[in-house]
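First up is the structure itself, then whatever we jot down about it.
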Amino acid sequence: MASEIAVRLRGASARAGDRTLWHGVDVDVPRGQFVAILGPNGVGKSTLLKVLLGLHPLAAGEALVLGDAPGGANREIGYLPQRRNFDASARVRGVDVVRLGLDGDRWGFSWPWSAGGRQARQRVAHVVDLVGASGYAHRPVGQVSGGEQQRLLIGQALVRQPRMLMLDEPLDSLDLPNQSAIASLIREICVTEGVTVLMVAHDVNPILPYLDQVMYLAGGGAVCGSPSEVITSANLSRLYQAPVEVVRTSDGRLVVIGQPEAPAHHADRHTGQLVQ
Amino acid sequence: MSDFVVLASTLPNPPWSWNLISNVRDMFSFPFMVNAFRAGSIVAVVAGVVGWFMVLRKQTFAGHTVAVAAFPGAAAATLLGISATIGYFTFALAAAIVIAVAARPRGGLFSEESAVIGTVQAFVLALGFMFAYLYKGFLNSVNAPLFGSSFAITNAQVVTLALVGLAVVLVLAAVGRPLLFSSIDTDVAAARGVDVRRLDVVFLLLLGAAAAEASQIVGALLVFALLVMPAATAHRLTARPARSIGLTIVIALLATWGGLTLAYYQSYPLGFCISSFSFGAYLLTYVPVAPRARRPVVAAAHS
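Going down the list, the sequences are from chains X and R. The opening position of the first sequence corresponds to residue 188 in my numbering, with each subsequent residue numbered one higher. The opening position of the second sequence corresponds to residue 372 in my numbering, with each subsequent residue numbered one higher.
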């Protein structure tokens with residue numbers, strides 16, 4: 188049954204410097220699922236993705252990603268790191284950014300008129316169409332909106348037909364309509380392309396209708412399960428170590444009230460981006 | 372070297388005719404002009420291509436510093452009585468290594484280490500003046516390496532420029548794609564197994580070599596005439612990487628040829644002439660012509 192499991196963690200721990208981020212984490216993510224990784228800032232959500240990509244070592248325990256050790260299956264993983272903006276002076280086109288996801292790691296250059304070059308262009312055009320970016324993919328990437336850039340970056344992550352997508356806060360700093368549009372796009376890709384999606388998010392609401400599972404990281408541990416199992420007043424209050432109330436609205440959405448999102452959280456996030 | 376400068380500035384200006392072919396024939400009747408065109412063309416291509424990546428990577432400050440390091444290199448070589456070419460390359464490459472080691476970028480953008488680069492630049496510039504002082508030579512011993520050399524390019528120098536230039540272009544062709552990837556998308560490139568850190572060092576060395584080449588034509592302080600201006604102009608005109616690189620080379624070549632011609636017929640300093648043509652090309656991109664030309668103008672408003 189191991190082949191049905193995309194990600195497996197057993198007794199996994201990760202450290203940043205001399206601080207333990209999380210420990211004793213056991214997780215199974217079945218293939219083809221859309222899983223959100225939630226939790227307060229600094230808990231090690233991004234580190235979890237980096238561990239799975241082999242970019243950050245495990246302090247203890249073991250991890251299997253697509254049946255391989257972390258890092259071993261990276262060619263089959265589309266990775267979208269934490270939100271990055273191309274500044275207005277970035278004078279390459281959206282299609283170039285997507286194309287780099289396809290063969291940007293190869294030495295030498297490809298002749299545009301070769302058979303391989305034509306195939307590559309077709310693949311890029313297909314993916315650009317899939318993420319709905321055809322209208323602006325030929326404009327300089329620094330001059331399209333944040334939501335449009337995010338679609339192009341998802342296209343870049345998808346262009347090699349990966350079996351898994353790892354998205355680190357792809358909705359961060361997008362406006363609400365764009366958040367839900369991107370979330371539904373990711374769900375659609377997950378279903379139609381059969382891709383397993385791991386997505387780090389700091390707000391669960393925009394993605395709630397599309398999720399199969401959530402993984403809540405907090406207090407050094409993790410809780411996994413369906414959104415309605417995990418996102419309960421009792422669970423979240425325990426994880427956040429603060430009173431949190433979860434309310435189910437009439438349309439079935441879960442509203443988390445009192446989620447400790449201190450201003451420090453946002454300040455932290457901003458300095459993080461400036462340093463980048 | 373200074374003999375040529377004296378020669379060029381004392382002779383009457385050759386007559387300019389609007390028959391360009393006869394002008395070329397006129398200029399090419401002098402072996403030193405043939406060498407100047409050869410060297411200038413090689414340097415235009417090398418500096419253009421490397422400069423294109425430098426502008427994309429926002430490493431112009433590092434580029435300027437390695438170029439400035441070429442100045443004490445040339446001065447030290449003059450002092451020691453060895454070929455200035457060796458001095459240019461040794462010092463520029465050494466500065467590239469110092470920057471690569473001392474200013475390890477975190478996160479890809481070159482903001483934190485600008486202080487380190489500035490420190491290196493100030494010291495190498497001071498070193499250059501010290502070497503020139505110790506040489507107690509003519510003013511030209513400072514002038515040429517800073518603001519553009521005379522037409523005194525030897526055959527051996529042309530060969531060196533060509534060999535180093537060929538090596539730079541070949542390496543760049545080999546690493547071009549991963550370099551482009553890591554330049555605009557560092558994190559994803561790293562996750563895809565691109566050795567971002569090593570590419571950084573490789574590019575700084577290429578930058579050192581290109582800056583040393585350009586210094587020998589336009590001078591250490593004016594390398595941007597070939598290293599930045601053509602690339603900046605092309606970046607404004609098109610966002611297609613291949614077309615943009617091609618355009619950069621064309622602009623650099625035209626500026627160099629135009630500069631050499633102007634310097635020959637008017638006896639103005641070569642560095643000034645090439646810089647003026649490059650700058651003219653850059654200015655032209657701000658002229659709104661047709662609706663298609665609007666995009667660069669919008670870009671300017673954003674930045």
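Even for Gly, the Cβ is constructed at its ideal location relative to N, Cα and C. Given the structure is predicted, the values throughout are model-derived calculations rather than measurements.
If I measure Cβ to Cβ from X/Asp465 and keep anything under 7 Å in the same chain, skipping five residues before and after, which residues do I get? The shown model of chain X, from 188 to 463, leaves out residue 465 of chain X, and the question about it has no answer.
Using a beta-carbon distance cut-off of less than 7 Å, what residues from the stretch 242-267 of chain X approach chain R? Within the stretch 242-267 of chain X, those residues whose Cβ lies closer than 7 Å to any Cβ of chain R are, in chain order, Leu242, Asn261 and Tyr266.
Could you compute how far the alpha carbon of R/Leu624 sits from the alpha carbon of R/Ala652? Rounded to the nearest angstrom, the two C-alpha atoms are 12 Å apart.
Comparing C-alpha positions only, which one of R/Gly419, R/Ala602 and R/Pro612 sits nearest to X/Pro327? Comparing Cα-Cα distances from X/Pro327 to each of R/Gly419, R/Ala602 and R/Pro612, the minimum goes to R/Pro612.
Neighbour list for R/Phe552 in chain X, Cβ cutoff strictly below 7 Å: Close partners of R/Phe552 in chain X (Cβ separation under 7 Å): Leu287, Gly291 and Asp292.
Looking at the C-beta of X/Leu339, does it have a partner C-beta in chain R at a distance below 8 Å? In terms of beta-carbon proximity, X/Leu339 stays away from the interface with chain R, with every pair separated by 8 Å or more.
Any 3 or more C-beta pairs closer than 8 Å across the stretch 642-652 of chain R and the stretch 315-322 of chain X: Taking a contact to require three or more Cβ pairs closer than 8 Å, the stretch 642-652 of chain R and the stretch 315-322 of chain X do not qualify as touching.
Spatial distance of X/Gly381 from X/Cys411 (CA atoms): Pairing X/Gly381 with X/Cys411, the inter-Cα distance amounts to about 21 Å.
At a Cβ threshold of 8 Å, is X/Pro327 touching chain R? Yes, X/Pro327 counts as interfacial toward chain R.
Report yes or no: do the stretch 634-642 of chain R and the stretch 601-612 of chain R share at least 3 C-beta pairs separated by less than 8 Å? The stretch 601-612 of chain R and the stretch 634-642 of chain R do not touch, with fewer than three beta-carbon pairs separated by less than 8 Å.
Would X/Ile369 and X/Leu363 be called neighbours here (beta carbons separated by less than 8 Å)? No; because the gap between Cβ atoms is not below 8 Å, this pair is not in contact.
Does the stretch 416-427 of chain X come within contact of the stretch 389-408 of chain X, defined as at least 3 CB pairs closer than 8 Å? At 8 Å Cβ cutoff, the stretches touch.
Just to confirm before moving on: does the CB-CB distance between R/Leu598 and R/Ala441 stay below 8 Å? In this structure, R/Ala441 does not lie closer than 8 Å to R/Leu598 by Cβ.
In chain R, what lies closer than 8 Å to X/Arg308 by C-beta? Residues of chain R with a Cβ closer than 8 Å to the Cβ of X/Arg308 do not exist; the shortest Cβ-Cβ separation is about 13 Å.
At 3 residues or longer, what runs of the beta strand (DSSP E) sit wholly inside the stretch 320-371 of chain X? Entirely contained in the stretch 320-371 of chain X, the beta strand (DSSP E) runs reaching 3 residues are, in chain order, 351-355.
Counting beta carbon pairs with one atom in the stretch 247-265 of chain X and one in the stretch 195-207 of chain X, are three or more of them shorter than 8 Å? Yes, the stretch 195-207 of chain X is in contact with the stretch 247-265 of chain X.
With a CB to CB cut of under 6 Å and the five nearest residues on each side skipped, what residues in its chain are close to X/Val417? Counting only Cβ-Cβ distances below 6 Å, and skipping sequence neighbours, we find Val401, Tyr403 and Val410.
Kindly indicate if chain R contains any beta-carbon less than 8 Å away from that of X/Gly295. Yes, X/Gly295 lies at the interface with chain R (some Cβ there is under 8 Å from its Cβ).
Given X/Pro217 as reference, the closest of X/Ser413, X/Ile373 and X/Ala421 once Cα atoms are compared: It is X/Ser413 whose Cα lies nearest to the Cα of X/Pro217.
Here's a check: name, in chain order, each residue in its chain whose Cβ is nearer than 7 Å to the Cβ of X/Pro349, leaving out the five neighbours to either side. Cβ neighbours of X/Pro349 beyond the five flanking positions: Glu263, Ile264, Gly265 and Val382.
Would you kindly report the start and end of the unbroken beta strand (DSSP E) that includes R/Ser400? No beta strand (DSSP E) holds R/Ser400; DSSP gives it neither H nor E.
State the Cα-Cα distance for the pair R/Ala467 and R/Ala433, rounded to the nearest angstrom. Using only the alpha carbons, I get a separation of about 8 Å.
Classify X/Gly322 as buried or exposed, calling it buried when 16 or more other Cβ atoms lie within 10 Å of its own Cβ. Label assigned to X/Gly322: exposed.
R/Phe502 and R/Leu450 - do their beta-carbons sit closer together than 8 Å? Cβ atoms of R/Leu450 and R/Phe502: closer than 8 Å.
Alpha-carbon spacing of R/Ala603 relative to X/Thr207, whole angstroms: Those two C-alpha atoms are separated by around 47 Å.
Going by Cα to Cα distance, which pick from R/Phe401, R/Ala438, R/Val540 and R/Pro549 is closest to R/Ile524? Measuring from the Cα of R/Ile524, the nearest candidate turns out to be R/Phe401.
How is X/Val230 classed by DSSP in three states: helix, strand or coil? In this structure, X/Val230 counts as coil in the three-state DSSP scheme.
Could you tell me the alpha carbon to alpha carbon distance between R/Glu584 and R/Ala463, rounded to whole angstroms? The straight-line gap from Cα to Cα measures roughly 10 Å.
For X/Arg278, decide whether its Cβ has a neighbour in chain R, counting only Cβ atoms nearer than 8 Å. Interface criterion met: the Cβ of X/Arg278 is under 8 Å from a Cβ in chain R.
Using a Cβ-Cβ distance cut-off of 8 Å, determine whether X/Asp283 contacts chain R. True, the Cβ-Cβ gap to chain R drops below 8 Å.
Mind pulling the chain X residues with CB within less than 8 Å of R/Ala544? Near R/Ala544 (Cβ distances below 8 Å), the residues of chain X are Gly295 and Phe296.
List the residues of chain R whose Cβ lies closer than 7 Å to the Cβ of X/Leu240, in chain order. X/Leu240 reaches chain R at Ala562, counting residues in chain order whose Cβ is nearer than 7 Å.
The beta strand (DSSP E) spanning X/Glu249 covers which residue range? Start and end: Ala247 to Val252.
Indicate whether R/Ala591 and R/Ala438 have their beta-carbon atoms separated by less than 8 Å. Result yes, Cβ atoms of R/Ala591 and R/Ala438 sit closer than 8 Å.
Boundaries of the alpha helix (DSSP H) in which R/Pro443 is found, first to last residue: That run of the alpha helix (DSSP H) goes Thr431 to Leu451.
Just verifying my parser: in three-state terms, what is the DSSP assignment at R/Gly629? It is helical.
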